[in-house]
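Enquirer: Numbering (our numbering) for the sequence shown: 35 to 393.
Let me begin by handing over the structure; questions about it come next.
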Amino acid sequence: MQTTSKQLDFTGQNIYLGIDTHKKHFTVSIQGEKLSYKTFNQPPDPSVLVKYLHRNYPGATYYACYEAGFAGFWIQEYLQSKGINCIVVNPNDVPTTDKEKKQKRDPLDSRKLARSLKNGELTPIHIPDKATQQDRCLVRLRQKIVGNQTRTRNRIKGLLYFFGIDYPEQFQNSGRHWSKRFIDWLKQLDLGHQSGNKALGLLVQEAENLRALILEVDRDILKLSKQENYLEDVRILISVPGIGRFTAMLWLTEVGDVKRFKSLDYLCSYVGLIPNVYGSGDKERIGDITKRGNKHLKSQLIESSWVAVRNDPALSLSYQQLCNRMSGNKAIIRITRKLLNRIRHLLINKEKYELGFAA
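Spelled out as structure tokens, the structure:
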């Protein structure tokens, strides 16, 4: 008796994929509209997943998601190019049960993603184009190097303090720390023992190397800011008191097109300038500023706001009025929101900043 095999056909059906990405493997969960099909590990290669789907679920409409993190966006770009609708989501915004919080395992994580995707509970994050991603890497690298430089300088200060060594009188002013003369003094300093001198010498060498790296990155960022796609907006941003070329490039590579935010509230939420809110029944309590948001941009904008209140009479007046009813640190957050509103307006309308206008 002759038998015939029936070819698989999932035409008209939706397949949902939750992908838990790791360096050595992907954990993938597959769900349909009615059933959970399978959870498995595979090599960390999206092409392997594409072949698996076409072989086992041919004709279906595929939807996939994974969490933003070290894996970047290349997986999303590849899957999208192969006809798979793929989004990248904020890990903190994935609905999670108490069990999933207390029993964190890769299969649970991937099933959670697939389930949430099927239920329409996930909001994709914005994915910049490849060129902007790489420009962002360069600008972020400067922040990391500056952080390393600060840590190295603090180690040098700590070493001197540990052995009771004070700065000479000409270096007592903090503005003269880390000048060429100060570095030369550090190099000539004798701690009285070979090991201590070696430790200090290596730290000073590291500080000099990091300073050279910062200067090199600054030159590259300067060239980048003069490219046609950035030049006009950079000129607008550096007209704002407190915003230099680096902060302008940080804004443009992190935010991109400001018009993608529906309102100021959405932009403030992205940056992280909104308070935590605790509400139950008729009671509502407004807490401190949220820890969510773009950490690279938030701290830089707050620093810019401190400069702005010293240079813009309107912002200075607003800051003083706010300080009458709250602390200075809380007041500067309000000023940062005002500054953010001004920046948004300037970029949308292609105008330069004018001092003395209330936001």
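The beta-carbon is built from N, C-alpha and C at its ideal position, and this holds for glycine as well.
Pairs of beta-carbons, one from the region 284-298 and one from the region 169-189, closer than 8 Å: are there three or more?
Expert: In short, these stretches touch, since the Cβ pair count reaches three.
Enquirer: Note down, in chain order, each residue of its chain lying with its Cβ closer than 7 Å to the Cβ of residue 357, except the 5 sequence neighbours on either side.
Expert: Mapped onto the sequence shown, residue 357 falls at position 323. Answer for residue 357: 365, listed in chain order.
Enquirer: Beta strand (DSSP E) containing residue 52: first to last residue?
Expert: Along the sequence shown, one-based indexing puts residue 52 at 18. Residues 48-55.
Enquirer: Output the distance between the C-alpha atoms of residue 269 and residue 386, rounded to the nearest integer angstrom.
Expert: On the sequence shown, residue 269 is found 235 positions in, with the first residue counted as 1. On the sequence shown, residue 386 is found 352 positions in, with the first residue counted as 1. Residue 269 and residue 386: Cα-Cα distance of roughly 8 Å.
Enquirer: Would you call residue 178 buried or exposed, if buried means 16 or more other Cβ atoms sit within 10 Å of its Cβ?
Expert: Here the question's residue 178 lines up with position 144 in the sequence shown. It is exposed - the Cβ of residue 178 has fewer than 16 other Cβ atoms within 10 Å.
Enquirer: Please go through the region 252-332 and give each complete alpha helix (DSSP H) segment of 4 or more residues, from N-terminal end onward.
Expert: Whole alpha helix (DSSP H) segments, 4+ residues: 262-271, 279-289, 298-305.
Enquirer: Taking residue 350 as the reference, give the member of 276, 378, 310, 306 with the closest Cα.
Expert: Taking the first residue of the sequence shown as position 1, residue 350 is located at position 316. Here the closest residue by C-alpha is 276.
Enquirer: How do the region 42-61 and the region 89-100 stand: do at least 3 beta-carbon pairs fall below 8 Å, yes or no?
Expert: They touch, by the three-pair rule.
Enquirer: Any contact between the region 78-91 and the region 124-138? By contact I mean 3 or more CB pairs, one from each, below 8 Å.
Expert: No, because fewer than three Cβ pairs between the region 78-91 and the region 124-138 fall closer than 8 Å, the two stretches do not touch.
Enquirer: What distance in whole Å lies between the Cβ atoms of residue 374 and residue 307, which are believed to be in contact at a cut-off of 8 Å?
Expert: In the sequence shown, the residue the question calls residue 307 occupies position 273. In the sequence shown, the residue the question calls residue 374 occupies position 340. Yes, residue 307 and residue 374 are in contact; Cβ-Cβ is about 7 Å, under 8 Å.
Enquirer: If distances are taken between C-alpha atoms only, which option among 292, 253, 293 comes closest to residue 279?
Expert: Within the sequence shown, the letter at position 245 stands for residue 279. Nearest of 292, 253, 293 to residue 279, Cα basis: 253.
Enquirer: Using DSSP's beta-bridge definition, name the partner residues of residue 121.
Expert: Along the sequence shown, one-based indexing puts residue 121 at 87. Looking at the DSSP assignment, residue 121 forms a beta bridge with 99.
Enquirer: Could you check the C-alpha separation between residue 186 and residue 90 for me, to the nearest Å?
Expert: Residue numbering aside, residue 186 sits at position 152 when the sequence shown is read from its first letter. Residue numbering aside, residue 90 sits at position 56 when the sequence shown is read from its first letter. Cα-Cα distance, rounded: 55 Å.
Enquirer: Counting C-beta neighbours from all protein chains within 10 Å, is the total for residue 195 16 or more, i.e. buried, or is it exposed?
Expert: Here the question's residue 195 lines up with position 161 in the sequence shown. Classification for residue 195: exposed.
Enquirer: In whole angstroms, what is the alpha-carbon distance linking residue 231 and residue 188?
Expert: Here the question's residue 231 lines up with position 197 in the sequence shown. Here the question's residue 188 lines up with position 154 in the sequence shown. About 17 Å.
Enquirer: Can residue 148 and residue 239 be called in contact, C-beta distance under 7 Å?
Expert: Taking the sequence shown and counting its residues from 1, one reaches residue 148 at position 114. Taking the sequence shown and counting its residues from 1, one reaches residue 239 at position 205. Their beta carbons are not under 7 Å apart, which means residue 148 does not touch residue 239 by this criterion.
Enquirer: Contact defined as beta carbons within less than 8 Å: I believe residue 255 pairs with residue 344. What is the distance between those atoms, to the nearest angstrom?
Expert: To locate residue 255, count along the sequence shown from 1; it is residue 221. To locate residue 344, count along the sequence shown from 1; it is residue 310. Not really, about 25 Å apart at Cβ, beyond 8 Å.
Enquirer: What do you get for residue 342, buried or exposed, if any count of 16 or more other CB atoms within 10 angstroms of its CB means buried?
Expert: As a position in the sequence shown, residue 342 is number 308, starting the count at 1. Buried: at least 16 other Cβ atoms inside 10 Å.
Enquirer: Roughly how many angstroms lie between the CA atoms of residue 288 and residue 336, to the nearest whole one?
Expert: Stepping through the sequence shown from its first residue, residue 288 is reached at position 254. Stepping through the sequence shown from its first residue, residue 336 is reached at position 302. C-alpha separation (whole angstroms): 16 Å.
Enquirer: Pick out whichever of 197, 144, 216 has its Cα sitting closest to the Cα of residue 206.
Expert: Within the sequence shown, residue 206 is the residue found at index 172, counting from 1. Here the closest residue by C-alpha is 216.
Enquirer: Do you know whose CA, among 332, 48, 88, lies nearest residue 368's CA?
Expert: Taking the sequence shown and counting its residues from 1, the one referred to as residue 368 is at position 334. Out of 332, 48, 88, 332 has the C-alpha closest to the C-alpha of residue 368.
Enquirer: Span of the alpha helix (DSSP H) holding residue 377?
Expert: Counted from its first residue, the sequence shown places residue 377 at position 343. Taken as a continuous stretch (DSSP letters only), the alpha helix (DSSP H) holding residue 377 covers 362-383.
Enquirer: Please report the straight-line C-alpha distance between residue 348 and residue 363, rounded to a whole angstrom.
Expert: Position 314 of the sequence shown, counted from the start, is the residue given in the question as residue 348. Position 329 of the sequence shown, counted from the start, is the residue given in the question as residue 363. Those two C-alpha atoms are separated by around 18 Å.
Enquirer: Report the option in 69, 346, 44 whose CA atom is closest to the CA atom of residue 153.
Expert: To locate residue 153, count along the sequence shown from 1; it is residue 119. Residue 153 has its Cα closest to that of 69, out of 69, 346, 44.
Enquirer: How far does the alpha helix (DSSP H) with residue 152 in it extend, from its first residue to its last?
Expert: Here the question's residue 152 lines up with position 118 in the sequence shown. Where residue 152 is concerned, the enclosing alpha helix (DSSP H) stretches over 140-152.
Enquirer: Who does residue 75 pair with in a DSSP beta bridge?
Expert: Within the sequence shown, residue 75 is the residue found at index 41, counting from 1. Answer is 61, bridged to residue 75.
Enquirer: Between residue 381 and residue 251, which are expected to be in contact by the criterion C-beta below 8 Å, what is the C-beta distance as a whole number of angstroms?
Expert: Position 347 of the sequence shown holds residue 381. Position 217 of the sequence shown holds residue 251. In fact, because the Cβ distance is near 25 Å, the residues do not count as touching under 8 Å.
Enquirer: Nearest-angstrom Cα distance between residue 354 and residue 329?
Expert: The residue you call residue 354 lines up with position 320 of the sequence shown. The residue you call residue 329 lines up with position 295 of the sequence shown. Straight-line Cα distance between these residues: approximately 27 Å.
Enquirer: Decide if residue 164 is buried, meaning its Cβ has at least 16 other Cβ atoms within 10 Å, or exposed.
Expert: Numbered from 1 along the sequence shown, position 130 holds the residue referred to as residue 164. That one is exposed.
Enquirer: Is residue 389 buried or exposed, if buried means 16 or more other CB atoms sit within 10 Å of its CB?
Expert: Along the sequence shown, one-based indexing puts residue 389 at 355. Exposed, since its Cβ has fewer than 16 Cβ neighbours within 10 Å.
Enquirer: Leaving out the 5 sequence neighbours to the left and right, which residues in its chain are closer than 6 Å to residue 46 when beta-carbon positions are compared?
Expert: Locating residue 46 in the sequence shown gives position 12, where the first residue counts as 1. Same-chain partners within the cutoff: there are none.
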